[in-house]
Amino acid sequence: MSETSKNKRRLVIARARERAGQELDFVSALKVLGRHWVVVGTGLGLMLVAAVGIFVAIPPTYEAKASDVLLVPAQVGSTQAGQANPYLGFGGALGIVAEITARRMNDPVSVEDMKSKGATAEYLVDIVPGEAPVLQVTAKSKDEQEALNTARIVEKAMGELLQRNQLELKAPQNLLIVLSPVTTATQAEASRGSQMRALAGMLAVGLALTVLAAFMAESVQARKLQEEAAKAMEESGVDEILPVEIPPVDLAPGNRRPPVPPQDHRRPPPGFIDPAAHGRQPRQAPPGSAEKTQRVQPVTPPKPDPDWPRVDETKRVKPVTPLQTEQRPTETPAPKRVDSTPAGARPLRMSPTNGSTPGTK
């Protein structure tokens, strides 16, 4: 086979595959996944095992919270016997004091100090939105007890830091701002946000790899079929296989096609000679002969007798048909011949030889 014929060779693979140049729709993609259900099932099984591994390997994050409110002393005074609290100079705006305390607790130096005291979990000191100056401590850790200990240690250290800062500014003892607990860290809540994020990422990657593996298997199988078809065409000498357009089948009762009558596959009788095989033209029937041979006279069935089941045949009086006399044509009598020979004379007879009368010379 020439190289041009090989380049022109095309193969159309059936089994719901799309032709070249057309987009792959959703139904065809589902058919491809259905044909390679082994690959899809293996991918889903691996994803299930990976999901169990994520829940085992990645523990939930425990979160413990504690909150305190800042309170002014019972008797507030800007000056008393020559003493004053600089923190009360903000006009009672304790929110500024709370913000200063929160920033100092979140300082890296304070974080290292908390770790040395046993607060190994990650924590954050923040101000609760609202009118009241409330500080909230949030500790997060993979271990529930570690989160609880961190929240308690940071809450205690926050009160000590606030008191130390006021004493450094020579504030009197009776005018110190104090922290009053609002909620204490007695229970840590489990948060599975990290597990859900890992599970979502695994499912996205797993589904993509499963679909990719199914389409790769389909491509390998199609290439194998093309190679087999090309080899078969080379052996048979066929250059090209064209696609056959199959019309859609409508199964509605009104659109069903009539059944195809069975074809006659009888063998010709022994001794039959095909004229076309010997170079002879088959004899054509004269025009109109087929109509004569196929013309059928309709047969009119006799009308049924309505009284037949109720009347006895032996008592039925049949009508008498009058006898028809045969009429013969009248015969005309032949005319009589008059004999003019005299009496006693012998009639003359002609000789059969010469026509002369016997006895005469």
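Per this note's numbering, the very first residue in the sequence shown carries number 26; after that it's consecutive.
Heads up, the beta-carbon is just placed ideally off N, CA and C, and yes, glycines get one too.
This structure is a prediction, so every number in the text was calculated from the model and none was measured.
In angstroms with no decimal places, state the Cα-to-Cα distance between I125 and P158. 12 Å
Taking the continuous alpha helix (DSSP H) assigned at V179, which residues delimit it? 169-193
Pull the bridge partners of D151 from the DSSP assignment, please. Paired residues: Q161.
Only counting the same chain, and skipping five residues up and downstream in sequence, which positions put a Cβ closer than 6 Å to that of A22? The structure shown has nothing for residue 22, since the chain only spans 26 to 386.
Excluding five sequence neighbours on each side, which residues of the same chain lie with their C-beta closer than 7 Å to the C-beta of L173? Counting only Cβ-Cβ distances below 7 Å, and skipping sequence neighbours, we find A89, A210, A213.
Using three-state DSSP, classify L200 as helix, strand or coil. helix
One question on the structure: do M130 and V179 come within less than 8 Å of each other, judged by their Cβ atoms? yes
Measuring only the C-alpha atoms, how far is L160 from Q198? 22 Å
The stretch 70-81 touching the stretch 227-241, judged by at least three CB pairs closer than 8 Å: Yes, since at least three Cβ pairs between the stretch 70-81 and the stretch 227-241 fall closer than 8 Å, the two stretches touch.
L194 to Q188, Cα distance in whole Å? 10 Å
Ordered along the chain, which non-local residues of its own chain (more than five positions away) have a Cβ less than 6 Å from that of A389? What is shown of the chain runs 26 to 386, which leaves residue 389 out entirely.
Grab me the residues of K84's own chain with a C-beta within less than 7 Å of its C-beta, minus the 5 sequence neighbours each way, in chain order. Rather than Lys, the amino acid found at residue 84 in this sequence is Pro. Correct list, in chain order: K167.
Determine the contact status of V150 and M183, defining contact as a CB-CB distance below 8 Å. yes
Spatial neighbours of L224 in its chain, beta-carbon cut-off 7 Å, leaving aside the 5 residues before and after: A76, I79
Tell me the DSSP bridge mates of K90? T163
Nearest-angstrom Cα distance between V136 and V81? 30 Å
Sorted by chain position, which residues of the same chain lie with C-beta nearer than 8 Å to M139's C-beta, five sequence neighbours on each side aside? Answer for M139: Y148, T175, I178, V179, A182, listed in chain order.
Compare the beta carbon distance of G68 and T235 with 8 Å and say whether it is the shorter of the two. yes
If we count the other Cβ atoms within 10 Å of its Cβ and call it buried at 16 or more, is V52 buried or exposed? With fewer than 16 Cβ atoms within 10 Å of its Cβ, V52 is classed as exposed.
Using the Cβ count rule (16 or more neighbours within 10 Å means buried), how would you classify V153? So V153 counts as exposed.
Report the rounded CA-to-CA distance for Y87 versus A215, giving the unit in angstroms. 4 Å
Nearest-angstrom Cα distance between L96 and S205? 7 Å
Hey, would you say A201 sits closer than 8 Å to P98, going by beta carbons? The sequence as given places Leu at residue 201; Ala does not occur at that position. Contact: yes.
Looking only at C-alpha atoms, which of A254, E156, K56 sits nearest to V94? E156
Between the Cα of V122 and those of A257, Q251, N190, spot the shortest distance and give me the residue it belongs to. Selection A257, Q251, N190 evaluated against V122 yields N190 as nearest (Cα-Cα).
Is T208 near E171, with beta carbons less than 8 Å apart? no
How many angstroms separate the CA atom of G66 from the CA atom of D50? 22 Å
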